[in-house]
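K.L.:
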Amino acid sequence: MSMLDISNCETNILGTFTWTTDIRYWFSNSISVEYSSLSTAWRLGGNNFTIRGHYKGLLFGNGQLFYDDSRNQGNKPGRPIALTLWEASNVLIDSLTWRQPQFWHSFIAYSTNITMTNLDMSAISNSQWTTVNTDGTNTWKSSNVVISNWTVTSGDDCIAVKGNSTNIHVSNITCYESGAMVIGSMGNTWQPEYVENVDFEHVKLNHSSNAAWIKTYPGTGYVRNVTFRDIKFKDVNQPIYISPCIYTGQNCDGSRLQISDITWENIRGTARYNVGAGIYCLRSAPCRNLKFRYQYHAVEWRAGAESLLEY
Numbered sequence: 000m001s002m003l004d005i006s007n008c009e010t011n012i013l014g015t016f017t018w019t020t021d022i023r024y025w026f027s028n029s030i031s032v033e034y035s036s037l038s039t040a041w042r043l044g045g046n047n048f049t050i051r052g053h054y055k056g057l058l059f060g061n062g063q064l065f066y067d068d069s070r071n072q073g074n075k076p077g078r079p080i081a082l083t084l085w086e087a088s089n090v091l092i093d094s095l096t097w098r099q100p101q102f103w104h105s106f107i108a109y110s111t112n113i114t115m116t117n118l119d120m121s122a123i124s125n126s127q128w129t130t131v132n133t134d135g136t137n138t139w140k141s142s143n144v145v146i147s148n149w150t151v152t153s154g155d156d157c158i159a160v161k162g163n164s165t166n167i168h169v170s171n172i173t174c175y176e177s178g179a180m181v182i183g184s185m186g187n188t189w190q191p192e193y194v195e196n197v198d199f200e201h202v203k204l205n206h207s208s209n210a211a212w213i214k215t216y217p218g219t220g221y222v223r224n225v226t227f228r229d230i231k232f233k234d235v236n237q238p239i240y241i242s243p244c245i246y247t248g249q250n251c252d253g254s255r256l257q258i259s260d261i262t263w264e265n266i267r268g269t270a271r272y273n274v275g276a277g278i279y280c281l282r283s284a285p286c287r288n289l290k291f292r293y294q295y296h297a298v299e300w301r302a303g304a305e306s307l308l309e310y
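Letter by letter, the sequence shown follows residues 0 to 310 in numbering that gives the first Met the number 0.
1. Buried or exposed, going by whether 16 or more other CB atoms sit within 10 Å of the CB of Gly53?
2. Taking the DSSP output, what are the residues bridged to Ala211?
3. Kindly indicate which three-state DSSP category Asn11 falls into: helix, strand or coil?
4. If you check the beta carbons only, do Tyr193 and Tyr221 fall under 7 Å apart?
5. Give me the residue from Ile258, Ser35 and Ser69 with the minimum Cα distance to Ile278.
6. What is the DSSP secondary structure of Ile113, reduced to helix, strand or coil?
7. On a Cα-Cα basis, can you pick out the residue from Asn137, Ser69 and Arg267 that is closest to Ser35?
8. Taking Pro143 as the reference, give the member of Gln99, Ser164, Trp103 and Asp134 with the closest Cα.
9. Using DSSP with H/G/I as helix, E/B as strand and the rest coil, what is Phe65?
10. Determine, using beta carbons only, whether Met115 and Ile80 come nearer to each other than 7 Å.
11. Decide yes or no for the touch test of the region 94-109 against the region 57-71: beta carbon pairs closer than 8 Å, at least 3 of them.
12. Starting from Ala147, trace the beta strand (DSSP E) in both directions and tell me its first and last residue.
13. Asn28 by DSSP, collapsed to three states: which one?
14. Can you tell which of Gly14, Tyr66, Gln127 and Thr152 has the C-alpha that lies nearest to the C-alpha of Ser207?
15. Can you pull the DSSP bridge partners for Cys174?
16. Please return the same chain residues whose Cβ sits closer than 6 Å to the Cβ of Ser172, not counting the five positions on each side in sequence.
17. Expressed to the nearest angstrom, what Euclidean distance is found between the alpha-carbon atoms of Tyr113 and Val145?
18. Measuring only the C-alpha atoms, how far is Asn265 from Asp229?
19. Is Ser124 helix, strand or coil when you go by DSSP?
20. Among the residues of its own chain, which have a CB less than 8 Å from the CB of Ala40, if the five just before and after it don't count?
21. Go through its chain and collect everything with a Cβ distance to Arg42's Cβ below 6 Å, but skip five positions before and after it.
22. Under three-state DSSP, which class holds Arg287?
23. How about Ser254 and Ala210: are their beta carbons less than 7 Å apart?
24. Measure the beta-carbon distance from Ala179 to Ile239 and round it to whole angstroms, keeping in mind my assumption that it falls under 8 Å.
25. For Ser184, tell me which candidate among Ala159, Asn196 and Val169 has the shortest Cα-Cα distance.
26. Look at Phe48 and Ile5 and say whether their C-beta atoms are less than 7 Å apart.
27. If you draw a straight line from the alpha carbon of Glu195 to that of Arg223, how long is it in whole angstroms?
28. Which residues in the same chain as Asn11 place their Cβ atom closer than 7 Å to its Cβ, once the five residues preceding and following it in sequence are excluded?
29. Among Ser38, Val225 and Ser242, which one has its Cα closest to the Cα of Gly218?
30. With a threshold of 6 Å on Cβ separation, who are the neighbours of Arg147 within its own chain once the five nearest residues in sequence on each side are excluded?
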């Protein structure tokens with residue numbers, strides 16, 4: 000479903016949108032979003048519009064069918080993103096709920112001046128197959144985005160800021176079973192990519208893989224002026240992580256993507272392992288001006304241990 004050129008419009012969703020159980024239909028009819036050969040079930044674009052759910056509106060993706068069909072294959076062609084903002088500007092999305100999305104819950108692409116608030120997202124598999132790649136949202140080629148007051152349960156990144164995104168502000172987020180607050184992935188195209196002026200603050204994480212993560216491929220471009228502030232976490236794998244050659248194996252030193260001016264402030268909680276931070280930087284593009292302030296990490300040594308910090 001493609002709805003572009005929306006203008007000066009307010010829409011209220013007070014019921015449930017349910018996507019068809021005919022997954023073969025989506026494999027043939029989902030709409031391209033250009034990024035990484037992905038597609039979407041619903042594409043919205045235009046200027047100066049609002050969508051409110053009033054805590055009653057629900058987007059139900061029948062995602063379990065896709066999880067089982069994909070069998071842990073994350074980017075299976077045709078598996079659609081639930082909702083994409085595409086070439087949109089001056090937009091407010093408020094008080095909507097997502098359940099069992101087919102792929103990512105949402106995607107923001109080629110857009111500016113976007114505010115998404117008071118959203119509730121959840122993807123949980125009830126079979127042997129994981130949800131895999133049910134991110135809360137990803138920004139790409141977008142600017143001036145505000146994301147606040149979200150609760151997300153996903154099997155992948157909670158909030159991810161991808162290439163050519165600037166002025167992204169994320170606050171008051173609670174994530175479960177996720178990859179947490181992420182820059183990337185990026186740097187996997189032949190053109191330089193950049194991310195600049197990003198703030199993540201007032202975030203709570205439960206049983207996530209990481210807390211504050213920058214992941215890039217060995218491409219070109221830069222990540223600059225990113226702050227992770229006031230992040231509390233419980234039972235994560237690795238609280239702070241920079242991986243400049245994600246998915247490319249060890250001993251990578253071919254990246255030209257510069258990571259600089261990164262701040263982690265008041266990052267605290269419990270981790271599963273005895274590693275508080277993994278910072279991997281390259282001779283070809285050294286990390287510069289990394290700042291750590293008021294860190295406190297504790298380790299939960301035994302399964303089922305109580306949190307060592309008030310959460």
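Glycine included, each C-beta is placed from N, C-alpha and C at the ideal position.
P.N.:
Straight from the coordinates:
1. Along the sequence shown, one-based indexing puts residue 53 at 54. Checking the sequence, you will find His at residue 53 rather than Gly. His53 should be labelled exposed.
2. Numbered from 1 along the sequence shown, position 212 holds the residue referred to as residue 211. Met180 and Ile239, per the DSSP bridge assignment.
3. By 1-based counting over the sequence shown, the position of residue 11 is 12. Reduced to three states, the DSSP call for Asn11 is strand.
4. Taking the sequence shown and counting its residues from 1, one reaches residue 193 at position 194. Taking the sequence shown and counting its residues from 1, one reaches residue 221 at position 222. Their beta carbons are under 7 Å apart, which means Tyr193 touches Tyr221 by this criterion.
5. Counting from one through the sequence shown, the residue named residue 278 turns up at place 279. Comparing Cα-Cα distances from Ile278 to each of Ile258, Ser35 and Ser69, the minimum goes to Ile258.
6. Taking the first residue of the sequence shown as position 1, residue 113 is located at position 114. In the structure shown, Ile113 sits in a strand (DSSP, three-state: E or B).
7. As a first step, residue 35 is located in the sequence shown; it is residue number 36 there, counting from the start. Residue Asn137 is the option with its Cα nearest to Ser35.
8. What you label residue 143 is simply residue 144 of the sequence shown in a count that begins at 1. One point to set straight first is that residue 143 is Asn, not Pro, in the sequence displayed. Among Gln99, Ser164, Trp103 and Asp134, the Cα nearest to that of Asn143 belongs to Ser164.
9. In the sequence shown, residue 65 corresponds to position 66, counting from 1. Reduced to three states, the DSSP call for Phe65 is helix.
10. For the purposes of this step, residue 115 is taken as residue 116 along the sequence shown, with counting starting at 1. For the purposes of this step, residue 80 is taken as residue 81 along the sequence shown, with counting starting at 1. Taking 7 Å as the Cβ cut-off, Met115 and Ile80 do not qualify as a contacting pair.
11. yes
12. As a first step, residue 147 is located in the sequence shown; it is residue number 148 there, counting from the start. Note that residue 147 is Ser in the sequence shown, not Ala. First-last of the beta strand (DSSP E) with Ser147: Ser142 to Thr152.
13. Here residue 28 is taken as the residue at index 29 of the sequence shown, counted from 1. Asn28 falls in the helix class under three-state DSSP.
14. One-based indexing of the sequence shown puts residue 207 at position 208. The residue with the shortest Cα to Cα distance from Ser207 is Thr152.
15. Indexing the sequence shown from 1 puts residue 174 at position 175. In DSSP, Cys174 forms a bridge with Val151 and Leu204.
16. Along the sequence shown, one-based indexing puts residue 172 at 173. According to the sequence provided, residue 172 is Ile. The question's Ser does not apply to it. Same-chain partners within the cutoff: Trp149 and Val202.
17. To locate residue 113, count along the sequence shown from 1; it is residue 114. To locate residue 145, count along the sequence shown from 1; it is residue 146. Just to set this straight, residue 113 is Ile in the shown sequence, not Tyr. Looking at the two C-alpha atoms, the distance is approximately 6 Å.
18. Translated into positions along the sequence shown, residue 265 becomes position 266. Translated into positions along the sequence shown, residue 229 becomes position 230. For Asn265 and Asp229, the distance between alpha carbons rounds to 5 Å.
19. Locating residue 124 in the sequence shown gives position 125, where the first residue counts as 1. Residue state, collapsed to three classes: coil.
20. As a position in the sequence shown, residue 40 is number 41, starting the count at 1. Excluding sequence neighbours, Ala40 sits near Met0, Trp18, Trp25, Ser29, Ile30, Gly60, Pro79, Ile80, Ala81, Leu82 and Gln101.
21. Taking the sequence shown and counting its residues from 1, one reaches residue 42 at position 43. Correct list, in chain order: Ser1, Ile30, Thr83 and Trp85.
22. Reading the sequence shown from its first residue, position 288 is the one you call residue 287. Strand at Arg287.
23. Taking the sequence shown and counting its residues from 1, one reaches residue 254 at position 255. Taking the sequence shown and counting its residues from 1, one reaches residue 210 at position 211. The answer is no: Cβ separation not under 7 Å.
24. Start at 1 with the first residue of the sequence shown, and residue 179 comes out as number 180. Start at 1 with the first residue of the sequence shown, and residue 239 comes out as number 240. 10 Å between Cβ atoms; not a contact.
25. As a working mapping, residue 184 is identified with position 185 in the sequence shown. Out of Ala159, Asn196 and Val169, Ala159 has the C-alpha closest to the C-alpha of Ser184.
26. In the sequence shown, the residue the question calls residue 48 occupies position 49. In the sequence shown, the residue the question calls residue 5 occupies position 6. Closer than 7 Å, so yes.
27. Your numbering for residue 195 matches position 196 in the sequence shown. Your numbering for residue 223 matches position 224 in the sequence shown. Those two C-alpha atoms are separated by around 5 Å.
28. Along the sequence shown, one-based indexing puts residue 11 at 12. Here the set comprises Arg51 and His53.
29. By 1-based counting over the sequence shown, the position of residue 218 is 219. Cα-wise, what sits closest to Gly218 is Ser242.
30. As a working note, residue 147 is residue 148 in the sequence shown. According to the sequence provided, residue 147 is Ser. The question's Arg does not apply to it. Correct list, in chain order: Thr116, Ser170 and Asn171.
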